[in-house]
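See below for the structure under consideration.
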Amino acid sequence: MKLEGYVVLVGDSIDTDTIIPARYLHRSDPEWLAQHVFEDAPEIREKISKSLKPVAIIAGKGFGYGSSREHAVLALKAASVSFIIAESFHRIFYRNAINNGLVVIEANIRNYVEEGDLVKVNLKEGIIVIPRINETIRFKPLPKKLLEILEIGGLKQFLKKIASSEPR
Amino acid sequence: MESLALKILSKHSEEENVEPGDIVYAKVDKVMVNDVTGALALKILSETGAEKLVGKRRTETYVVFDHYSPAHNWDAANAHAKLRLFSRKYGCKLFDVGYGIAHQLLVEGMVKPGELIVGADSHTITYGALASFSTGIGSSEAAYVMVTGELWFKAPEPLFVKITGNFGIGVAAKDLALHLLKEFGSEGALYRSVEFFGEGLRNLDVNDRLTVSNMMVEAGAKTAIFPYDSETESWLRKYNVNVRDEWKELKIEAKGKGDMSIDLATIEPLISAPPKPTNVKHVGDLEGTPVDQVFVGSCTNGRFKDMVALARIVKGKRIKTRLIVIPASINILKRMINEGILNILVEAGAMVGVPGCGPCFGAHMGVLGGGEVMVSTANRNFPGRAGPPSAKVYLASPYTAAVAAITGQITDPRPYIREVLRE
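Order-wise, the sequence lines are chains A and B. The first sequence maps to residues 55 to 222 in my numbering. The second sequence maps to residues 43 to 465 in my numbering.
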């Protein structure tokens, strides 16, 4: 699985309330969520809207802090985020991302990239490439089971398979 | 020391001795969704055609309407209507609007020690207070568990916390939770199973343990488990659970040092300031900060014990802030009525709301205006959580919250509590 995206830098402990505020959770359609993504963090919101697409979010520690709302992942996907590279992730967000086919990579590359840089990722080999500075960074590839979920396009695809193979 | 999380996980999987870091598939005893995450789970089930398979495994499914209780707009009401039909059709246990918060309802006789429980709500971690392995997941996974009865888990590394001593006057379990968050920081317990042991546990009843387990997710924890003991047993008996001998094995020897040791006597009243729960300070450091609203409720501190603490402090007084009180369940509300607590609170000037999440979730029932300050007994204070980003939420114990309502400002509760005790 190979991906590329343009860097939007964010800080530590980005919480799911900041990604998508609770007052918008009564709907889950992507257009609605994209409309309100990072609404209470206008600086991040503006960077994402001005960035070339798809977006690569590069974060510090503890991305996806807080609530279990899967809406946070859906909102980021709807806002053209292709993958997130963070020093660490909070666990429910991490699972939700994988389960929705949003690539999440644990690595600290904040010191290598600038806003707007192109970043390329080879998921299977565990390689991040930053062409501007001609740098290659290695990360521990995801466990096979998780890679499988990502490659098939999320947990939903497993449910579809199960539903079509079992009779009523 | 033996980890209860690993012990419970091993029992629910095919692996005999699960080690930290192992990825295992395990059978799940209970799965819970609420009205926010359940609506999304239902959408996933219907889009994938897997809805027809719900309820065919031995996993029990719980649907709880607590975030929009009662519905505040058309979308929420529509989600409720769909989830009601779904619950009836597939035999899910439904708690409709007004019954209370999942994390109280499920510990009122549903959750049993040694169980493996997942819920599409991060505070599902709360049930660890009853010696179970319980953790938060997303909506897709909740849907998957409803259909398959199992889920993959990365076995957590234990983090043993030794508890000794007892609280001083005016200090509560919430202060212990905040103390731990201060020590850990927001990533300090990431992926870990926080497990409590030591002779000090006899001074923490199940109410206290629920408060502590609840907030360990704010440090990133996967589970936060208290061992089974006489406190657990008397709580379960109160809710007519048939106690089993095998639960006695869910213990952690009180010997040993652990990864961290806390003497409850050294803990002082603490308060968490925005922008995140782990930004913990001494109440004294913020003394005098004007307060517009006080909220006593939530899955952290909306229990009967918390209501009694509040009532003892505001009894016969007139509050200076808005005071919103929301019991965590209908049982708690009934008990407040029967034991005269409700009357004391309303006489003092409190508004008492429908059991549920209330303003903590930030959708309705008492959100703040721009620049306003709330002292809350809940668990989160991210900017925008309960009002515009300029509104400030401070997290504190029911004691500190109650005294703030009386004085109209953030105040060290200890002198007031001493006064109440003298009366």
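Cβ coordinates follow ideal geometry from the N, Cα and C atoms, glycine included.
1. Are the C-beta atoms of residue 157 of chain B and some chain A residue less than 8 Å apart?
2. Using 8 Å as the limit for Cβ to Cβ distance, is residue 120 of chain A near chain B?
3. Do residue 211 of chain B and residue 306 of chain B count as a contact pair if the criterion is CB distance below 8 Å?
4. Could you tell me which whole beta strand (DSSP E) segments of length 3 or greater appear in the stretch 219-285 of chain B?
5. Is there contact here, the stretch 138-149 of chain A with the stretch 157-168 of chain A, by at least three beta-carbon pairs under 8 Å?
6. Looking only at C-alpha atoms, which of B:121, B:139, B:135 sits nearest to residue 395 of chain B?
7. Cα separation between residue 232 of chain B and residue 166 of chain B?
8. Tell me, please, whether the stretch 120-140 of chain A touches the stretch 174-181 of chain B by the rule of three or more beta-carbon pairs shorter than 8 Å.
9. Using the three-state DSSP reduction, which class does residue 324 of chain B fall into: helix, strand or coil?
10. Give, in chain order, every residue of the stretch 259-274 of chain B whose Cβ lies closer than 7 Å to some Cβ of chain A.
11. Could you list which residues in chain B have their beta carbon closer than 7 Å to that of residue 197 of chain A, in chain order?
12. Let me see if you follow: with CB-CB separation under 8 Å, is residue 87 of chain A close to chain C or not?
13. What does the Cβ neighbour count give for residue 440 of chain B, buried or exposed, with the cut at 16 atoms within 10 Å?
14. Can you say whether residue 127 of chain B is buried or exposed, counting buried as having 16 or more other CB atoms within 10 angstroms of its CB?
15. May I have the straight-line CA-CA distance separating residue 397 of chain B from residue 154 of chain B, to the nearest angstrom?
16. DSSP has residue 305 of chain B in a bridge; who is on the other side?
17. Would you call the CB atoms of residue 466 of chain B and residue 383 of chain B closer than 8 Å?
18. Since residue 418 of chain B sits in a beta bridge, which residues does DSSP pair it with?
19. Determine, using beta-carbon pairs with one atom in the stretch 337-354 of chain B and one in the stretch 305-323 of chain B, whether at least three such pairs fall under 8 Å.
20. With DSSP collapsed to three states, give me the class of residue 196 of chain A.
21. Compare the C-beta of residue 216 of chain A against all C-beta atoms of chain B and say whether one is closer than 8 Å.
22. For residue 106 of chain B, tell me which candidate among B:49, B:366, B:81, B:302 has the shortest Cα-Cα distance.
23. For the stretch 418-429 of chain B, list every residue whose C-beta sits within 7 Å of some C-beta in chain A, in sequence order.
24. I think residue 360 of chain B touches residue 315 of chain B, with their Cβ atoms under 8 Å apart; what is that distance to the nearest whole Å?
25. Sorted by chain position, which residues of the same chain lie with C-beta nearer than 6 Å to residue 134 of chain A's C-beta, five sequence neighbours on each side aside?
26. With a cut-off of 8 Å on the beta carbons, I'd call residue 55 of chain A and residue 205 of chain A a contact; round off their distance for me.
27. Classify residue 289 of chain B as buried or exposed, calling it buried when 16 or more other Cβ atoms lie within 10 Å of its own Cβ.
28. Can you check which of these residues, B:221, B:135, B:317, B:285, is closest to residue 69 of chain A by C-alpha distance?
29. For residue 251 of chain B, which option in B:271, B:261, B:262, B:234 has the closest C-alpha, if you only look at C-alpha atoms?
30. How many Å lie between residue 281 of chain B and residue 409 of chain B at the Cα?
31. Is the separation between the beta-carbon of residue 311 of chain B and that of residue 456 of chain B shorter than 8 Å?
32. Any heavy atom of the ligand GDP closer than 7 Å to the Cβ of residue 76 of chain A?
33. With residue 357 of chain B as the anchor, note down where its beta strand (DSSP E) starts and where it stops.
34. What span of residues does the alpha helix (DSSP H) with residue 214 of chain A cover, start to end?
35. Between which two residues does the beta strand (DSSP E) harbouring residue 314 of chain B extend?
36. Roughly how many angstroms lie between the CA atoms of residue 480 of chain B and residue 346 of chain B, to the nearest whole one?
The structure says:
1. Not a single C-beta of chain A is nearer than 8 Å to the C-beta of residue 157 of chain B.
2. The beta carbon of residue 120 of chain A sits closer than 8 Å to some beta carbon of chain B.
3. No, Cβ-Cβ distance for residue 306 of chain B and residue 211 of chain B is not below 8 Å.
4. List check, beta strand (DSSP E) in window: 235-239, 265-267.
5. Segments in contact, yes.
6. It is B:139.
7. Linking residue 232 of chain B to residue 166 of chain B through their CA atoms gives a straight-line distance of about 16 Å.
8. The stretch 120-140 of chain A is in contact with the stretch 174-181 of chain B.
9. Residue 324 of chain B falls in the strand class under three-state DSSP.
10. Going along the stretch 259-274 of chain B in chain order, one finds 262, 264 with a Cβ nearer than 7 Å to chain A.
11. Residues of chain B passing the Cβ test: 65.
12. In the displayed structure, chain C is absent; the protein chains listed are A and B.
13. With 16 or more other Cβ atoms within 10 Å, it is buried.
14. An exposed status is given to residue 127 of chain B, since fewer than 16 other beta-carbon atoms sit within 10 Å of its beta-carbon.
15. When rounded, the distance between both Cα atoms is 23 Å.
16. The secondary-structure analysis by DSSP pairs residue 305 of chain B across a beta bridge with B:206.
17. Nothing in the structure corresponds to residue 466 of chain B, since chain B is present only between 43 and 465.
18. Paired residue(s): B:337, B:437.
19. Inter-segment contact for the stretch 337-354 of chain B and the stretch 305-323 of chain B is absent: fewer than three beta-carbon pairs are separated by less than 8 Å.
20. For residue 196 of chain A, the secondary structure class from DSSP, reduced to helix, strand or coil, is coil.
21. For residue 216 of chain A, the nearest beta carbon of chain B is closer than 8 Å to its own beta carbon.
22. If we check each option's Cα against that of residue 106 of chain B, B:81 comes out closest.
23. Listed by position along the chain: 422, 424, 425, 426, 427.
24. Not a contact, Cβ separation roughly 27 Å.
25. Taken in chain order, the residues that qualify are 107, 108, 109.
26. That pair is a contact at about 6 Å.
27. Buried, since its Cβ has 16 or more Cβ neighbours within 10 Å.
28. Comparing Cα-Cα distances from residue 69 of chain A to each of B:221, B:135, B:317, B:285, the minimum goes to B:317.
29. Ranked by Cα distance from residue 251 of chain B, the first of B:271, B:261, B:262, B:234 is B:271.
30. Approximately 33 Å, taken between the alpha carbons.
31. A contact, by the Cβ cut-off of 8 Å.
32. The ligand GDP is not among the ligands present in this structure, which contains no ligands whatsoever.
33. If you look at residue 357 of chain B, you'll find it isn't in any beta strand (DSSP E); DSSP assigns it neither H nor E.
34. According to the DSSP assignment, residue 214 of chain A belongs to the alpha helix (DSSP H) that extends over 209-219.
35. Membership of residue 314 of chain B in the beta strand (DSSP E) is indicated by the continuous run 312-314.
36. The requested residue 480 of chain B does not occur in the structure, where chain B is confined to residues 43 to 465.
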